[in-house]
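Comments concern the structure below.
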Amino acid sequence: MAGQESIFNVVSNGIIDVLTYTINSYSGLLQILVYLIMASIFGFALVKSYQSFRALSFYDFSKVKSRRSLHHLTADIKMPLALLAASFFVRTKLHYEQEQQRGTVDKVIPPDAFIRDAAFQFSERYFEEKFLEPVAMMANLMPPMGFIGTIIGMVVHFLANSGTLNTEITVAGIATALYTTFIALICFTFLEFLRKVFYALAHRRIDEGLSAITLLADDVPGDRG
Numbered sequence: 003m004a005g006q007e008s009i010f011n012v013v014s015n016g017i018i019d020v021l022t023y024t025i026n027s028y029s030g031l032l033q034i035l036v037y038l039i040m041a042s043i044f045g046f047a048l049v050k051s052y053q054s055f056r057a058l059s060f061y062d063f064s065k066v067k068s069r070r071s072l073h074h075l076t077a078d079i080k081m082p083l084a085l086l087a088a089s090f091f092v093r094t095k096l097h098y099e100q101e102q103q104r105g106t107v108d109k110v111i112p113p114d115a116f117i118r119d120a121a122f123q124f125s126e127r128y129f130e131e132k133f134l135e136p137v138a139m140m141a142n143l144m145p146p147m148g149f150i151g152t153i154i155g156m157v158v159h160f161l162a163n164s165g166t167l168n169t170e171i172t173v174a175g176i177a178t179a180l181y182t183t184f185i186a187l188i189c190f191t192f193l194e195f196l197r198k199v200f201y202a203l204a205h206r207r208i209d210e211g212l213s214a215i216t217l218l219a220d221d222v223p224g225d226r227g
């Protein structure tokens with residue numbers, strides 16, 4: 003047992019020495035690396051936020067001449083969410099109508115309310131996967147990265163001031179080390195706020211698209227076929 007404990011102590015002391023040397027020798031580089039990673043994460047989240055704003059832009063359905071014109075639209079990251087929901091509604095209903103005409107479906111065509119609910123869920127899930135989940139993932143990465151930067155800063159400070167009991171220097175060093183966590187929490191809060199706004203606005207845009215296409219349904223002749 004004594005031999006195992008001595009081996010454990012040697013290994014643990016060796017790991018501590020390596021980490022201490024690495025942090026003490028490359029502290030500046032590690033801090034810069036943490037800030038660069040945080041900036042990259044936040045930048046990617048801002049790009050996704052911009053794409054979300056673009057997808058949530060208002061779409062004027064007065065430009066749509068017929069429901070059939072929406073049938074061949076494909077989902078695109080630049081497509082307004084309202085138009086995507088309307089397109090899914092049209093494609094789903096047309097699919098049931100064509101299957102019924104071919105005689106491959108004995109059941110009646112589902113009511114518009116059923117198709118509307120399916121279109122709402124599809125559009126909501128699509129928006130979450132393409133926009134909200136990446137923003138949420140980037141937001142959740144910010145606090146850990148800030149905490150890592152704080153730990154590095156505190157370790158460097160304690161190593162640099164070992165053997166001293168200057169309270170003012172200690173407090174100032176810890177305050178400096180906490181900057182990364184402070185910045186990370188601000189970014190996290192901002193991104194979470196945007197995500198909540200996007201989620202609420204997405205529901206509004208989906209409702210707008212489905213309401214518009216439902217009103218258009220009875221006004222357009224030759225809808226079947």
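Residue numbers for the sequence shown follow the working numbering, so the first one is 3 and each next one is one higher. Built from N, CA and C at the ideal position, the CB exists for glycine as well. Owing to the predicted nature of the structure, the values given are computational and were not obtained by experimental measurement.
- For Phe-122, the enclosing alpha helix (DSSP H) has its first and last residue at 114-129.
- If you draw a 10 Å sphere on the C-beta of Leu-217, you find fewer than 16 other C-beta atoms in it, and that means exposed.
- With distances taken between CA atoms, His-205 lies nearest to Phe-60 out of Thr-76, Phe-60 and Leu-35.
- With fewer than 16 other Cβ atoms from the protein chains shown falling within 10 Å of its own Cβ, Val-12 counts as exposed.
- When the alpha-carbon of Met-144 is set against those of Val-20, Ser-8, Glu-131 and Ala-41, the nearest one is in Ala-41.
- For Arg-70, there is no enclosing alpha helix (DSSP H), as DSSP gives it neither H nor E.
- Rounded to whole angstroms, the separation of the alpha carbons of Gln-123 and Glu-130 is 11 Å.
- With contacts defined by Cβ atoms closer than 8 Å, Val-36 and Ile-208 do not form a contacting pair.
- Between the alpha carbons of Met-147 and Leu-86 lies a distance of about 36 Å.
- Under the DSSP assignment, Leu-96 falls in the alpha helix (DSSP H) whose first and last residues are 83-104.
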